[in-house]
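Residue numbers (my numbering): 4 to 219.
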């Protein structure tokens, strides 16, 4: 059980390398904080002022780590009938999606999030674009390139994917590429533009998440 949980989280990190690497590039260029308090993005939401056990990861993610034991107490004493959940506050001003299930929640609400050992509660802000690598077993298997673009609908949004060699200083000589994904809520369309010399595939699998099904 524990090994499988560790493996699941390692693979999740690998799948998010395109997103995380792009956050690092943005931080280098502009000083944007990758990991930050909810208060930085939601200063008018008084509820977040007392929350110190959730944080934002880039523009998309709200992460709610589990700090209380759910399986064993000290000295390996098993916890009987433990409820594998934790309360999570989702700030108001936008909607939120459960990253694991795709379920949509209104902002300004609390939810009892499932929190078994193989799942950290993670939510995605509506109006987010997340580049991901699927079926990846080690960090540089796909050279940091995504093959899946997740779009979480709800409002217009944009995300710039940054790609380079992943090692060395060739980016200083212009060997990199910025790929900007822009989503229009009005037309439910995703556009892609590139700048730079590093080769990036032209095709991606787009996965769309919507607050409610759209009639065709």
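We treat Cβ as the ideally placed atom computed from N, Cα and C, and that holds for glycine.
This structure is a prediction, so every number in the text was calculated from the model and none was measured.
Worksheet item: What does a CB cutoff of less than 7 angstroms around residue 61 pick up in its chain, not counting 5 residues either side in sequence?
Response: 22, 26, 37
Worksheet entry | beta strand (DSSP E) segments (min. 3 residues) lying fully within the region 113-177 | 125-128, 131-135, 151-155, 160-167
Discussion item. For residue 17, count the other beta carbons within 10 Å of its own beta carbon; 16 or more makes it buried, fewer makes it exposed. Which is it?
Written reply: buried
Item to complete: Measure the CB-CB distance between residue 127 and residue 63 and report whether it falls below 8 angstroms.
Response: yes
Worksheet item: Nearest-angstrom Cα distance between residue 146 and residue 83?
Response: 45 angstroms
Worksheet item: Where does residue 34 land, buried or exposed, given buried means 16+ other C-beta within 10 angstroms?
Response: exposed
Worksheet item: Would you call residue 101 buried or exposed, if buried means 16 or more other Cβ atoms sit within 10 Å of its Cβ?
Response: buried
Fill in: Supposed contact pair residue 107 and residue 114 - C-beta distance, whole angstroms, cut 8 angstroms
The pair is not a contact, with the Cβ atoms about 11 angstroms apart (cut-off 8 angstroms).
Discussion item. Quick test of the definition: if touching needs 3 or more C-beta pairs under 8 angstroms, does the region 194-205 touch the region 162-179?
Written reply: yes
Fill in: Rounded separation between residue 194 and residue 210 - CA only
14 angstroms
Worksheet item: Using a Cβ-Cβ cut-off of 6 angstroms (strictly less than) and excluding sequence neighbours within five positions of residue 51, which residues of its own chain qualify?
Response: 41, 42, 45, 94
Discussion item. Rounded to the nearest angstrom, what separates residue 176 and residue 4 at their Cα positions?
Written reply: 47 angstroms
Worksheet item: So which of 174, 180, 97 has the shortest CA-CA distance to residue 130?
Response: 97
Worksheet item: With C-beta atoms as the reference, is residue 3 less than 8 angstroms away from residue 58?
Response: Lying outside 4 to 219, the shown extent of the chain, residue 3 is not represented and no answer is given.
Worksheet item: Applying the criterion that 16 or more other CB atoms from any shown protein chain within 10 Å of the CB defines a buried residue, is residue 138 buried or exposed?
Response: exposed
Worksheet item: Looking at the unbroken beta strand (DSSP E) that takes in residue 92, where does it start and where does it end?
Response: 88-93
Item to complete: Go ahead and label residue 86 buried or exposed: buried means 16 or more other beta carbons lie within 10 angstroms of its beta carbon, across all protein chains shown.
Response: exposed
Discussion item. Going by the DSSP bridge assignment, what does residue 196 pair with across the sheet?
Written reply: 183
Worksheet item: Terminal residues of the continuous beta strand (DSSP E) containing residue 64?
Response: 64-66
Worksheet entry | Helix, strand or coil at residue 58 [DSSP, three-state] | strand
Practice prompt. Give the single residue among 48, 191, 13 whose Cα lies nearest to the Cα of residue 111.
Written response: 48
Discussion item. Based on DSSP bridge pairs, tell me the residues matched to residue 208.
Written reply: 151
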